[in-house]
Amino acid sequence: MTFLDLARRNIGRHWLRSTLAVIGIVIGVIAIASMGILGNSIGLMFDDMITDVGDTVVVYPATGSGTTAFTERQVTDIERAAGANRVIPLASTFDTISVGEAKSAAMIYAIPAGDIQFLLDKEAGTYPRDTGSGCMIGSRLAANSKETGLKLGARVKIGDETLRVTGVLAERGMGFDINPDYALIVPYRWYSNHYDRDEYDMVIVKVRDVKDIESVREAIEGRMNRREEVVNVMDTKAVLESVFEAADSITIFLMGIGAISLIVAGVSILNVMMMSVTERIKEIGVLRSIGTRRSEVMRMFIYEALILGVVGAAIGGVLSFGTGYLMMAVLVGRPDYLYNIKSILYIVFGMTFGIITSAASGLYPAWKAAQLNPIQALRHE
Amino acid sequence: MPVIRFDNVSKVYPLPAGDVVALADVDLDIEEGEFILVMGPSGSGKSTLLNIMGSLDVPTSGEVTIAGRQISRMTDDELTLMRRDHIGFVFQQFNLIPLLSVVENVEYPLILKGKKSGARERVAEILQAVGITESHFTHKPGELSGGQQQRVAIARALANDPAFLLCDEPTGNLDTKTGTAIMDLIARMNREEGKTVVVVTHDPRMTEYADRTIQLVDGRVV
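Residue numbers (our numbering), protein chains in the order written: chain A, 17 to 397; chain B, 7 to 228.
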């Protein structure tokens, strides 16, 4: 039997009240942890995107300049500026495609056949050859075209020419350069012949080392924009990093909401503890009169608040693992994000915050109990 | 050398309506092993006198010496340790801790003092000495009769082997027969264990137990 034991017994004396206080802490911990996990997953999502497309520099014709497309010569200039990094020029258009009797419209990207494999991953089939009349289709386009029969091996008609689908691309998600998931990919030579065009709409530079992105960007700008603004260069890393910062702010904002609920829980513990002190004034008087020191009375009440906090934090921690998993699975679709060390840390953080809130809420009632005059407390009925 | 000495002790409670003098210039010596009865009408300062003897309260003026130590200069912690180690309180309302069983109530002062080994044996010994049978040890105070509760309270007061037993109307909440038994028990502790006993009471029948009776009227010894 110690003060800890006394505290535990007193909690058991009012189990309903104590349970309610614990539930408050549980909700607070879950709120803080799951909000943190959610924010962290948003960050992780962007993180994955950075590694996917963060090595890309996209060169567009500058808006408002005379240039609307790049000539072969300009592409060569960009290649020189980009040094050893791979430069992929491409053109895009929007046209009607027909498979058998079914007609629909689709985005068409024209890429030099040899470069396609460096920009896009395939899921099935082969990459088209420069000389043939093959094409590839985006994964979503393939998935959405089950009825029309647009699939590997199918024949697609564009204008009066027929292309054969040689491959299906792997899903790529939203990118900052092109969105091939719903598009048709054709070799540039075919496009050039078919549309009688020999210019490119944009140039994608794949940078080997992400650290070189800045210098590649500067080199291209320096070379192309010497006299007048000819190109706009966008590097995806810079764009993603600003998005990344936004994700951090979202995390903090979400956790702030969680923190508010935990503070409310703290107030409820304060309330429970004040009730506990008020009800036990006489008991405190007895304890003090038979030789319990102020610090010991204080300890007893802080233990009481701590027990509520620790129990609440423990239950909250376990439950926030569950809620976190559900949230990741339902909202983000990536339950494995939960096993990220930072996600786990948010649970630990939520639990710690819950315990600290409880202890802090117990301080004032405990101090008040310790300051009671033993004689007056003994007379209290 | 008296074990409790009051030297010109006054206690004044300042109240908005005017100061209330609870004790006025009290001089008092209590020798070791004495059985003292403090009597007087309500509001005569009996409880204040007992509280100061028990180092629960300090005088406004004058000096109180308990077991050779002056209490007016003591800190709250020192007063608390004085209560813990040298004084046993017995209250009219028994004042056992409802959360604790009979055994734990008596053990509590020992634990405060940091005793671990042999504590239970000593508790059992004391409880048997005050007439509580072992079958009642694990009961909660609320399950016992008033007389049994007061016996447990006396056992608790004796747990740390104090020099003094200070009893504030120990029979006030008991019927005559039980009250007599409790007084017999307290008297036995005085006689056999050599405890110095101070009992505050209204009951004039108690005088037969006492070596000496102190009469208080309006805060003065008469």
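Glycine included, C-beta positions come from ideal geometry on N, C-alpha and C.
Check whether the Cβ atoms of residue i and residue j sit closer than 8 Å, and answer yes or no.
i, j, result
"residue 289 of chain A", "residue 381 of chain A", "yes"
"residue 252 of chain A", "residue 59 of chain A", "no"
"residue 47 of chain A", "residue 273 of chain A", "yes"
"residue 22 of chain A", "residue 105 of chain B", "yes"
"residue 41 of chain B", "residue 216 of chain B", "yes"
"residue 256 of chain B", "residue 61 of chain B", "What is shown of chain B runs 7 to 228, which leaves residue 256 of chain B out entirely."
"residue 394 of chain A", "residue 292 of chain A", "no"
"residue 90 of chain B", "residue 307 of chain A", "yes"
"residue 240 of chain A", "residue 232 of chain A", "no"
"residue 32 of chain A", "residue 319 of chain A", "no"
"residue 54 of chain A", "residue 104 of chain A", "no"
"residue 102 of chain B", "residue 166 of chain B", "no"
"residue 165 of chain A", "residue 116 of chain A", "yes"
"residue 74 of chain A", "residue 193 of chain A", "yes"
"residue 91 of chain A", "residue 249 of chain A", "no"
"residue 188 of chain B", "residue 154 of chain B", "no"
"residue 171 of chain B", "residue 94 of chain B", "yes"
"residue 385 of chain A", "residue 314 of chain A", "yes"
"residue 263 of chain A", "residue 62 of chain A", "yes"
"residue 52 of chain A", "residue 333 of chain A", "no"
Does the beta carbon of residue i come closer than 8 Å to any beta carbon on chain B?
i, result
"residue 390 of chain A", "yes"
Could you pull the DSSP bridge partners for residue i from this structure?
i, result
"residue 218 of chain B", "B:42"
"residue 98 of chain A", "None, per the DSSP bridge assignment."
"residue 121 of chain A", "A:112"
"residue 12 of chain B", "B:34 and B:70"
"residue 216 of chain A", "A:86"
"residue 200 of chain A", "A:124 and A:153"
"residue 95 of chain B", "B:172"
"residue 76 of chain B", "B:71"
"residue 192 of chain B", "Its beta-bridge partners do not exist; DSSP assigns none."
"residue 135 of chain B", "DSSP, once it has assigned bridges, lists no residue as partnering residue 135 of chain B."
"residue 72 of chain A", "A:222"
Within the 8 Å Cβ cut-off, does residue i reach chain A?
i, result
"residue 57 of chain B", "yes"
"residue 116 of chain B", "no"
"residue 95 of chain B", "yes"
"residue 133 of chain B", "no"
"residue 11 of chain B", "no"
"residue 25 of chain B", "no"
"residue 128 of chain B", "no"
"residue 75 of chain B", "no"
"residue 101 of chain B", "yes"
"residue 33 of chain B", "no"
"residue 150 of chain B", "no"
"residue 63 of chain B", "yes"
"residue 180 of chain B", "no"
"residue 105 of chain B", "yes"
"residue 157 of chain B", "no"
Could you say if the region 321-332 of chain A and the region 363-376 of chain A meet the contact criterion of at least three C-beta pairs nearer than 8 Å?
The answer is yes - the region 363-376 of chain A touches the region 321-332 of chain A, with three or more Cβ pairs under 8 Å.
Which residues, in order along the region 277-299 of chain A, keep a beta-carbon less than 7 Å from a beta-carbon of chain B?
Against chain B - using a Cβ distance shorter than 7 Å - the residues of the region 277-299 of chain A are 299.
How about the region 50-67 of chain B and the region 15-27 of chain B: do they share at least three Cβ pairs that are nearer than 8 Å?
Yes: at least three Cβ pairs fall under 8 Å.
Contact the region 198-216 of chain A vs the region 34-41 of chain A: 3+ CB pairs below 8 Å:
The region 198-216 of chain A and the region 34-41 of chain A do not touch, with fewer than 3 CB-CB distances between them shorter than 8 Å.
Any C-beta of chain B within less than 9 Å: which residues of the region 297-318 of chain A qualify?
Within the region 297-318 of chain A, the qualifying residues are 298, 299, 301, 302, 303, 304, 305, 306, 307, 308, 309, 310, 311 and 312.
Do the region 191-202 of chain A and the region 108-128 of chain A meet, that is, are 3 or more Cβ pairs less than 8 Å apart?
Yes: at least three Cβ pairs fall under 8 Å.
Give the residues from the region 77-91 of chain B that approach chain A closer than 8 Å (Cβ to any Cβ), ordered along the chain.
From the region 77-91 of chain B, only 82, 83, 86, 87, 89, 90 and 91 have a Cβ closer than 8 Å to chain A.
Any C-beta of chain B within less than 8 Å: which residues of the region 22-54 of chain A qualify?
Against chain B - using a Cβ distance shorter than 8 Å - the residues of the region 22-54 of chain A are 22, 25, 26 and 29.
Return the residues of the region 192-203 of chain B that lie within a Cβ-Cβ distance of less than 7 Å from chain A, sorted by chain order.
Here the close residues number zero.
At least three beta-carbon pairs within less than 8 Å, the region 82-102 of chain A to the region 165-184 of chain A
Contact between the region 82-102 of chain A and the region 165-184 of chain A is absent, because fewer than three Cβ pairs lie under 8 Å.
Using a Cβ-Cβ cut-off of less than 8 Å, list which residues of the region 206-225 of chain B approach chain A; keep chain order.
Under the 8 Å Cβ criterion, the region 206-225 of chain B contributes no residue.
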